[in-house]
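Down below is the structure, laid out as C-alpha cells.
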Amino acid sequence: MTDIEPYDNHCLSQCGVESVTLAQIKELLDAEVIVGDDKLDLEIKTAFGADLMSDVLAFARSGCLLITGLSNPQSVRTAYALDIAAIIVCRGKALTDKFIDIAKELGIPILWTQYIMFEACGRLYREGITGCVREILVEDKTSAR
Amino acid sequence: MPGDEYLEGIFQVQGRDFVDAGIVSSEIKKKLKEKGIPESIIRKAAVVTFEAEINIISYAEQGTIQYYIEPDSITIEAKDVGAGIEDIELALQEGYSTADDSIRELGFGAGMGLANIKRFSDEFEISSVPREGTYVRSTIYLNGK
Chain A
78 MTDIEPYDNH CLSQCGVESV TLAQIKELLD AEVIVGDDKL DLEIKTAFGA
128 DLMSDVLAFA RSGCLLITGL SNPQSVRTAY ALDIAAIIVC RGKALTDKFI
178 DIAKELGIPI LWTQYIMFEA CGRLYREGIT GCVREILVED KTSAR
Chain B
16 MPGDEYLEGI FQVQGRDFVD AGIVSSEIKK KLKEKGIPES IIRKAAVVTF
66 EAEINIISYA EQGTIQYYIE PDSITIEAKD VGAGIEDIEL ALQEGYSTAD
116 DSIRELGFGA GMGLANIKRF SDEFEISSVP REGTYVRSTI YLNGK
C-alpha cells in the first residue's frame with residue numbers, strides 16, 4: 078500500500094477526458110441499450126465492477142456506473158438503492174422481462190454487452206473512467222463512510 | 016427505540032421469496048424521496064433495508080420491516096421468526112456466512128450483510144434467539160451525526 082502514485086488526476090490528465098456519455102459507452106462496448114434510450118447523454122466519470130451485490134452496497138458510490146454479470150432484479154434494486162447512474166450487463170448474460178420491467182420502473186438505464194467484465198472495464202478505463210473508489214482499505218471495513 | 020407516533024410504514028417479508036428480494040428497500044427509498052430526505056441519508060437507509068430484507072428471506076420463515084422517521088433520525092427495524100443466530104459476534108464478521116446457493120445466486124450470501132447494516136448505521140442493535148428469530152435495529156442520523 079506504499080508508493081502508489083497519485084491516482085485521482087492521473088488518468089484524467091493523461092487521457093484528457095473528464096467524463097464519457099452513455100452513448101459513447103454504448104459504442105465502446107458494442108452494447109445494446111435495453112433500457113434508457115432517452116438517457117444516453119448521461120455523463121459518467123466513475124465505475125464499480127462486481128457480481129456480489131453486498132460489495133456493491135458496501136463500496137460503490139452514487140453516480141457511478143455498475144458493471145456486473147448479475148442480471149436479476151436485485152442488481153437493479155441495488156443500483157436504485159445507491160443512485161447508481163446505469164448498469165452495464167456484461168458477458169452477454171440473459172435478461173428476463175422482470176429485470177427489464179424493474180429497470181424501467183426504477184429508471185435505471187441498462188446496457189448489454191457480450192464483453193467479459195475485464196474487457197469492458199479495460200475499455201472504459203482507457204477512456205478515462207476510473208474506479209468510484211480506488212481500493213478498500215482495511216480501516217474502511219470497520220468505519221462508516 | 017422510536018415511539019409509535021413516528022412509525023411511517025410496515026412491510027411483511029416472506030422467507031425464501033427470492034424473486035422480490037430488495038423490493039422493500041426500493042419502496043422505502045421512494046417514500047423517503049417523496050419526503051425530501053437528503054439523498055445521502057436515503058442511500059444509507061436503502062442499503063440497511065436491503066440487507067435486512069435479504070437476511071429475512073435467507074434465514075427466516077417470515078418477518079417484518081418497519082421504518083420510523085423522527086425529527087433528527089430514521090430508524091429501520093427488522094424482526095423475524097426463523098433460524099436466529101447462534102453466535103452474533105461471528106455473524107457480524109465480514110466474510111462469515113451460512114448462506115446456501117439460492118442466496119448466492121442473488122448476489123448476496125458472502126457474509127457482508129450484517130456488517131453492511133452496521134457500517135451504514137449511526138446506532139445499531141441486534142439480538143437473536145437461535146431457532147426463534149432475530150431483531151435488528153438501525154438508526155441513521157439526518158444531520159450526519
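Read top to bottom, the protein sequences are chains A and B.
According to our numbering, the first sequence is numbered sequentially starting from 78.
According to our numbering, the second sequence is numbered sequentially starting from 16.
By construction, the Cβ of each residue, glycine as well, lies at the ideal position given by its N, Cα and C atoms.
query = Leu119/A touches chain B at which residues, Cβ-Cβ below 8 Å?
reply = Walking along the first sequence from the start, residue 119/A turns up at place 42. Near Leu119/A there are no residues of chain B at all, since even the closest Cβ is about 17 Å away, more than 8 Å.
query = Could one say the Cβ of Ala221/A lies closer than 8 Å to chain B's Cβ atoms, at least one of them?
reply = Counted from its first residue, the first sequence places residue 221/A at position 144. At Ala221/A, the pLDDT of 44 sits below 50, so the modelled position is not reliable; the number obtained from the coordinates is stated separately. It does: the Cβ of Ala221/A has a partner Cβ on chain B nearer than 8 Å.
ask   = So, Gly97/B versus Glu76/B, is the Cβ gap smaller than 8 Å?
value = The residue labelled residue 97/B in the question sits at position 82 within the second sequence. The residue labelled residue 76/B in the question sits at position 61 within the second sequence. The answer is yes: Cβ separation under 8 Å.
ask   = For the beta strand (DSSP E) that contains Arg15/B, what are its first and last residues?
value = No information on residue 15/B is available, as it lies outside the stretch 16 to 160 that chain B covers here.
key: Exposed unless 16 or more other CB atoms sit within 10 angstroms - verdict on Ile213/A   = The count along the first sequence starts at 1 and reaches residue 213/A at position 136. With fewer than 16 other Cβ atoms within 10 Å, it is exposed.
task = Could you have a look at Asp95/B and say whether DSSP puts it in helix, strand or coil?
result = Within the second sequence, numbered from 1, the residue matching residue 95/B stands at position 80. Note: Asp95/B maps to strand in three-state DSSP.
key: Limits of the alpha helix (DSSP H) - the one that Tyr83/B falls within   = By one-based count along the second sequence, residue 83/B stands at place 68. Segment Ala75 to Glu85 is the beta strand (DSSP E) holding Tyr83/B; no alpha helix (DSSP H) there.
query = Whole-angstrom Cβ separation of Ser148/A and Ala171/A, contact assumed at under 8 Å?
reply = Numbered from 1 along the first sequence, position 71 holds the residue referred to as residue 148/A. Numbered from 1 along the first sequence, position 94 holds the residue referred to as residue 171/A. Yes, they are in contact, since the Cβ atoms of Ser148/A and Ala171/A sit about 7 Å apart, within 8 Å.
key: Short CB-CB distance (under 8 Å) between Pro150/A and chain B   = Taking the first residue of the first sequence as 1, we reach residue 150/A at position 73. Chain B contact via Cβ: present.
inquiry  = Using the Cβ count rule (16 or more neighbours within 10 Å means buried), how would you classify Asp102/B?
reply    = Walking along the second sequence from the start, residue 102/B turns up at place 87. Per the 10 Å Cβ criterion, exposed.
query = By DSSP, does Leu99/A sit in helix, in strand, or in coil?
reply = Indexing the first sequence from 1 puts residue 99/A at position 22. Three-state result, Leu99/A: helix.
task = Taking only beta-carbon positions, decide if Val62/B is within less than 8 Å of chain A.
result = Working through the second sequence from its first residue, we reach residue 62/B at position 47. Yes, because at least one Cβ of chain A sits closer than 8 Å to the Cβ of Val62/B.
query = At least one CB of chain B closer than 8 Å to the CB of Tyr157/A: is that the case?
reply = Here residue 157/A corresponds to residue number 80 of the first sequence, with the count starting at 1. True, the Cβ-Cβ gap to chain B drops below 8 Å.
inquiry  = Can you tell me where the beta strand (DSSP E) holding Glu150/B begins and where it ends?
reply    = Counted from its first residue, the second sequence places residue 150/B at position 135. Here residue 150/B turns out to be Tyr, not Glu, going by the sequence shown. Tyr150/B -> beta strand (DSSP E) spans Gly148 to Tyr156.
Beta-bridge partners of Gly126/A, as assigned by DSSP = Here residue 126/A refers to the residue found at position 49 of the first sequence. Beta-bridge pairing links Gly126/A to Ile144/A.
message = With DSSP as the reference, identify every bridge partner of Ile141/B, one or two as the case may be.
response = Counted from its first residue, the second sequence places residue 141/B at position 126. Val151/B.
task = Quick one: using the 10 Å Cβ neighbour count with 16 as the cut-off for buried, is Met16/B buried or exposed?
result = If you number the second sequence from 1, residue 16/B lands on position 1. Exposed.
ask   = Is DSSP giving Glu182/A helix, strand or coil here?
value = As a first step, residue 182/A must be located in the first sequence, where it is residue number 105. Three-state result, Glu182/A: helix.
ask   = Is Ile132/B closer than 8 Å to Glu66/B when the C-beta atoms are compared?
value = Taking the second sequence and counting its residues from 1, one reaches residue 66/B at position 51. Taking the second sequence and counting its residues from 1, one reaches residue 132/B at position 117. For Glu66/B and Ile132/B, yes; Cβs fall inside 8 Å.
message = Strictly below 8 Å CB to CB, what residues from chain A border Gly128/B?
response = For the purposes of this step, residue 128/B is identified with residue 113 of the second sequence, where counting begins at 1. The answer, in chain order, is Ser131.
ask   = Is it the case that the Cβ atoms of Ala162/A and Leu188/A are separated by a distance below 8 Å?
value = By one-based count along the first sequence, residue 162/A stands at place 85. By one-based count along the first sequence, residue 188/A stands at place 111. Not closer than 8 Å, so no.
inquiry  = Looking at the secondary structure, which residues open and close the alpha helix (DSSP H) in which Ala125/B lies?
reply    = Taking the second sequence and counting its residues from 1, the one referred to as residue 125/B is at position 110. Unbroken run through Ala125/B: none, as it is neither H nor E.
query = Which class does Thr90/B belong to by DSSP, given the choice of helix, strand or coil?
reply = Residue 90/B sits at position 75 when you count from the first residue of the second sequence. Reduced to three states, the DSSP call for Thr90/B is strand.
query = Taking 7 Å as the line, does the beta carbon of Ile177/A fall inside it for any heavy atom of the ligand SAM?
reply = Judged by which ligands are present, the structure shown has none, so any question about the ligand SAM falls away.
request  = For Phe123/B, count neighbouring C-beta atoms within 10 Å of its own C-beta (all shown protein chains included) and say buried if the count is 16 or more, exposed if not.
outcome  = The residue labelled residue 123/B in the question sits at position 108 within the second sequence. Label assigned to Phe123/B: buried.
ask   = Pick from Val34/B, Gln29/B, Tyr21/B and Glu23/B: whose alpha carbon is nearest that of Ser117/B?
value = In the second sequence, counting from the first residue as 1, residue 117/B sits at position 102. Taking only the C-alpha atoms, the option nearest Ser117/B is Val34/B.
message = Distance cutoff 8 Å, beta carbons only. Does Leu106/A sit that close to anything in chain B?
response = Numbered from its first residue, the first sequence carries residue 106/A at position 29. So, not an interface residue.
task = For Asp37/B, I'd like the list of residues in its chain whose CB is within less than 6 Å of its CB, leaving aside the five on either flank, ordered along the chain.
result = Here residue 37/B refers to the residue found at position 22 when the second sequence is read from its first residue. Reading off the sequence shown, one finds Gly at residue 37/B, where the question assumed Asp. Excluding residues within five positions, the ones whose Cβ falls inside 6 Å are Phe65.
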